[in-house]
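Okay, structure first, notes after.
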Amino acid sequence: MSPADGVRQTADGWRLVFVPSLWGAAVGRFLGSLGCAGYLAAVLALFVLPAVGFIVGSAGVWQGIRVILALAALVAALFLTAMVVSDLRAVRRVDLRPRSLVLTRGWRQRELPLDTVSRIVVEERHKLGRQVGIAVVLSTGDGDIRCEADEHSPLGRSSAPRLTEWLAELLDPAEVPVTMEKVLVKAYVSVESWWTTAQVADFWDVPAEDVAGLADVWQVAHQTFLPRAAVYRSDMESFRRLVYRPDDVCEVADAIRGTRPVVDRD
249 MSPADGVRQT ADGWRLVFVP SLWGAAVGRF LGSLGCAGYL AAVLALFVLP
299 AVGFIVGSAG VWQGIRVILA LAALVAALFL TAMVVSDLRA VRRVDLRPRS
349 LVLTRGWRQR ELPLDTVSRI VVEERHKLGR QVGIAVVLST GDGDIRCEAD
399 EHSPLGRSSA PRLTEWLAEL LDPAEVPVTM EKVLVKAYVS VESWWTTAQV
449 ADFWDVPAED VAGLADVWQV AHQTFLPRAA VYRSDMESFR RLVYRPDDVC
499 EVADAIRGTR PVVDRD
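As structure tokens, then:
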């Protein structure tokens, strides 16, 4: 029985699927590159074309449009190339065989004997309080090999504890230790998106009146915030509120709840 979505049984073992479809990933990258190019073109058209038209007239505007479109196409091509190269280098799947692991990158395969793997770490990756993927890290004599499944893939949404337990049992005969870590991926959100006292209390599962004290003890960054829309209001003081940096809130959440600690990861 498969322990998680994204894990399939094969004729000679099991397969962990980190990227379900290379073509699907390529399509996603292509659409992303178009969005990036469109955003760049819109910004340049909004701020550059008016200045060009004012200085050199309408003829210059049409020339500017051609330059902007050329730049946007170049950016799209560079972005798409970089992303596709990254996808081809990433591990798409890992076949678990009795005496080896077979890693597939793009359309290339590499066999890794189990006796060269010193340990395996399953990372449960979280961002802003929710799981955003799973990574399986293979430690070998030549360094670590990261195999990542994001939240858009079935494996990336599966249970990391269950996957860890299953891998540990499967690889026990080969004496390969399997452990799990909960990893915090930093979000670096602006202060406008920091969390209110009520949000922090709900996330920590503590009374709202305890949040300020716990934040001081655990050195959670916080500040008084006034929304821009309230700056010119006569009652703007009523809109001031204490907000907390979400990355810090998430980093200490498990410790406050009394569960396993997280590993800070930029």
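First residue of the sequence shown? That's 249 in this note's numbering, and the numbers climb one at a time after it. In this text, a Cβ means the ideal position worked out from N, Cα and C, and glycines have one as well. From a predicted model like this one, the values you see are computed outputs, not experimental measurements.
Where does Met428 land, buried or exposed, given buried means 16+ other C-beta within 10 angstroms?
Reading the sequence shown from its first residue, position 180 is the one you call residue 428. With 16 or more other Cβ atoms within 10 Å, it is buried.
Buried or exposed: where does Thr412 fall if 16 or more other Cβ atoms within 10 Å of its Cβ makes it buried?
On the sequence shown, residue 412 is found 164 positions in, with the first residue counted as 1. By the C-beta density criterion, Thr412 is buried, having at least 16 other C-beta atoms within 10 angstroms.
For the beta strand (DSSP E) containing Ala383, list its first residue and its last residue.
What you label residue 383 is simply residue 135 of the sequence shown in a count that begins at 1. First-last of the beta strand (DSSP E) with Ala383: 378-388.
Between Arg405 and Asp253, how many whole angstroms is the CB-CB distance? I'm expecting something under 8 Å.
In the sequence shown, residue 405 corresponds to position 157, counting from 1. In the sequence shown, residue 253 corresponds to position 5, counting from 1. Arg405 to Asp253, Cβ: 7 Å. Contact.
What does a CB cutoff of less than 7 Å around Arg337 pick up in its chain, not counting 5 residues either side in sequence?
One-based indexing of the sequence shown puts residue 337 at position 89. Excluding sequence neighbours, Arg337 sits near Arg353.
Since Val370 is in the beta strand (DSSP E), which residue starts that stretch and which ends it?
Residue 370 sits at position 122 when you count from the first residue of the sequence shown. Val370 -> beta strand (DSSP E) spans 365-375.
On the DSSP letters alone, give me the boundaries of the beta strand (DSSP E) that Gly261 sits inside.
Position 13 of the sequence shown, counted from the start, is the residue given in the question as residue 261. Element bounds for Gly261: 261-265.
Which term fits Arg493, buried or exposed, when burial requires 16 or more other beta carbons within 10 angstroms of its beta carbon?
Counted from its first residue, the sequence shown places residue 493 at position 245. Counting Cβ neighbours within 10 Å, Arg493 comes out buried, since at least 16 surround it.
Determine the contact status of Trp414 and Pro268, defining contact as a CB-CB distance below 8 Å.
On the sequence shown, residue 414 is found 166 positions in, with the first residue counted as 1. On the sequence shown, residue 268 is found 20 positions in, with the first residue counted as 1. No. Outside cutoff.
Could you tell me the boundaries of the beta strand (DSSP E) in which Leu344 lies?
Locating residue 344 in the sequence shown gives position 96, counting from the first residue. Element bounds for Leu344: 339-344.
For a test of the three-state rule: what should DSSP assign to Val500, helix, strand or coil?
The residue you call residue 500 lines up with position 252 of the sequence shown. Here Val500 sits in helix by DSSP.
Going along the chain, which residues of its own chain have a beta-carbon closer than 6 Å to the beta-carbon of Val350, five neighbours each way excluded?
Taking the sequence shown and counting its residues from 1, the one referred to as residue 350 is at position 102. The answer, listed in chain order, is Asp343, Gln357, Glu359.
Could you give the distance in angstroms between the alpha-carbon of Leu462 and the alpha-carbon of Gly506?
By 1-based counting over the sequence shown, the position of residue 462 is 214. By 1-based counting over the sequence shown, the position of residue 506 is 258. When rounded, the distance between both Cα atoms is 13 Å.
Is the segment 462-475 close to the segment 484-499, with three or more CB pairs under 8 Å?
yes
Please classify Leu294 as buried or exposed, where buried requires at least 16 other C-beta atoms within 10 Å of its C-beta.
Here the question's residue 294 lines up with position 46 in the sequence shown. In summary, Leu294 is exposed, with fewer than 16 beta-carbon neighbours lying within 10 Å of its beta-carbon over all protein chains present.
Taking the Cβ atom as the reference point for each residue, do Val380 and Asp392 lie within a distance shorter than 8 Å?
Translated into positions along the sequence shown, residue 380 becomes position 132. Translated into positions along the sequence shown, residue 392 becomes position 144. Taking 8 Å as the Cβ cut-off, Val380 and Asp392 do not qualify as a contacting pair.
Could you tell me which residues DSSP puts in a beta bridge with Glu359?
Residue mapping note: residue 359 aligns to position 111 of the sequence shown, counting from 1. Answer is Val350.
Given a cut-off of 8 Å, decide if Val370 and Leu386 are closer than it, judged by their beta-carbon atoms.
Translated into positions along the sequence shown, residue 386 becomes position 138. Translated into positions along the sequence shown, residue 370 becomes position 122. Their beta carbons are not under 8 Å apart, which means Leu386 does not touch Val370 by this criterion.
Let me know the secondary structure DSSP gives Glu396 once reduced to three states.
Within the sequence shown, the letter at position 148 stands for residue 396. In this structure, Glu396 counts as strand in the three-state DSSP scheme.
Expressed to the nearest angstrom, what Euclidean distance is found between the alpha-carbon atoms of Val339 and Trp262?
As a working mapping, residue 339 is identified with position 91 in the sequence shown. As a working mapping, residue 262 is identified with position 14 in the sequence shown. About 16 Å.
Specify, as a first and last residue, the run of the beta strand (DSSP E) that Val433 falls within.
Looking up residue 433 in the sequence shown gives position 185. It spans 426-433 - the beta strand (DSSP E) in which Val433 sits, taken as one unbroken run.
Can you list, in chain order, the residues of its chain with a C-beta nearer than 6 Å to that of Ala289? Leave out the 5 residues immediately preceding and following it.
As a position in the sequence shown, residue 289 is number 41, starting the count at 1. Short of 6 Å from the beta carbon of Ala289, and not among the five residues preceding or following it, lie these beta carbons of its own chain, in chain order: Ile316, Ala320.
Can you tell me which of the three DSSP states Leu536 falls into?
Look at the range of the chain in this structure, 249 to 514, and you will see that residue 536 is not part of it.
Kindly give me the distance between the Cβ atoms of Ile382 and Val424, rounded to whole angstroms, as I take these residues to be in contact under 8 Å.
Taking the sequence shown and counting its residues from 1, the one referred to as residue 382 is at position 134. Taking the sequence shown and counting its residues from 1, the one referred to as residue 424 is at position 176. Between Val424 and Ile382 the Cβ distance is about 18 Å, and since that is not below 8 Å, they are no contact.
Which residues in the same chain have their Cβ closer than 7 Å to the Cβ of Val437, if we skip the five residues on either side of it in sequence?
By one-based count along the sequence shown, residue 437 stands at place 189. The residues are Pro494.
Among Gly286, Thr329, Leu403, Ala408, whose alpha-carbon lies nearest the alpha-carbon of Ile313?
Within the sequence shown, residue 313 is the residue found at index 65, counting from 1. For Ile313, the closest of Gly286, Thr329, Leu403, Ala408 by C-alpha to C-alpha distance is Gly286.
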